[in-house]
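K.L.:
To convert a position in the sequence shown, counted from 1, into the numbering used here, add 6.
Each residue gets a CB set at the ideal place from its N, CA and C atoms; glycine is no exception.
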Amino acid sequence: MDFSLLKAVHQTAVALSLTGFAARGLLALRGSPLARTRVATTAPHVVDTVLLASALGMLWTLHLNPLHQPWLLAKIAGLLVYIGLGVVALRPGRPRGQRLAAWLAALATAGWIVSVALLKTPWGVLALV
Numbered sequence: 007m008d009f010s011l012l013k014a015v016h017q018t019a020v021a022l023s024l025t026g027f028a029a030r031g032l033l034a035l036r037g038s039p040l041a042r043t044r045v046a047t048t049a050p051h052v053v054d055t056v057l058l059a060s061a062l063g064m065l066w067t068l069h070l071n072p073l074h075q076p077w078l079l080a081k082i083a084g085l086l087v088y089i090g091l092g093v094v095a096l097r098p099g100r101p102r103g104q105r106l107a108a109w110l111a112a113l114a115t116a117g118w119i120v121s122v123a124l125l126k127t128p129w130g131v132l133a134l135v
């Protein structure tokens with residue numbers, strides 16, 4: 007597959023994934039039953055699978071090794087933090103304040119991950135400060 011197509015698919019999946027997480031988080035924080043519908047709980051897995059597959063495809067196409075590219079390693083570490091915060095934010099039963107803080111921190115982490123990708127530095131937007 008052509009790299010430019012992989013990149014476009016990846017960027018689209020990022021936008022869908024982050025928009026979906028933001029919306030699902032808002033719904034969950036409001037206590038809406040829509041946050042627990044089949045579509046709301048299944049679609050993120052489909053989108054994130056496409057996101058991961060396109061990322062791996064780009065790595066393969068460009069012959070990049072995250073262990074030799076500090077900015078890629080930073081993205082992976084940030085992704086793990088984002089996932090952990092997302093689990094806390096969307097898990098029912100936790101205090102609302104804790105879920106809100108985790109949701110906001112997950113969105114901030116996602117923004118940082120995007121800045122790492124755009125700037126190709128492990129510091130992301132912090133490199134500009």
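I need the boundaries of the alpha helix (DSSP H) containing D8, first residue and last residue.
P.N.:
Here D8 belongs to no alpha helix (DSSP H), and DSSP marks it neither H nor E.
K.L.:
Can the beta-carbon of A108 be found closer than 9 Å to that of V120?
P.N.:
Against a cut-off of 9 Å, the Cβ pair of V120 and A108 comes out as no contact.
K.L.:
Can you tell me which of S10, A49, M7, A112 puts its alpha carbon nearest to the alpha carbon of L85?
P.N.:
Residue A112 is the option with its Cα nearest to L85.
K.L.:
Return the residue from the list V87, P50, L73 that minimises the CA-CA distance to R30.
P.N.:
Ranking V87, P50, L73 by Cα distance to R30 puts P50 first.
K.L.:
I think P72 touches L79, with their Cβ atoms under 8 Å apart; what is that distance to the nearest whole Å?
P.N.:
P72 to L79, Cβ: 5 Å. Contact.
K.L.:
Does the pairing of the stretch 53-70 with the stretch 115-133 give three or more beta-carbon distances under 8 Å?
P.N.:
The stretch 53-70, when compared against the stretch 115-133, does not touch it at the 8 Å Cβ threshold.
K.L.:
Measure the beta-carbon distance from T115 to V135 and round it to whole angstroms, keeping in mind my assumption that it falls under 8 Å.
P.N.:
At roughly 17 Å, the Cβ-Cβ gap does not stay under 8 Å, so T115 and V135 are not in contact.
K.L.:
Can you give me the C-alpha to C-alpha distance between T67 and P128, rounded to a whole angstrom?
P.N.:
Their Cα atoms are separated by approximately 21 Å.
K.L.:
Quick one: what does DSSP say K126 is sitting in, helix, strand or coil?
P.N.:
K126: coil per DSSP, three-state reduction.
K.L.:
From A188 to S38, what does the alpha carbon distance come to, in whole angstroms?
P.N.:
The displayed coordinates of the chain run from 7 to 135. Any statement about residue 188 would go beyond what the structure contains.
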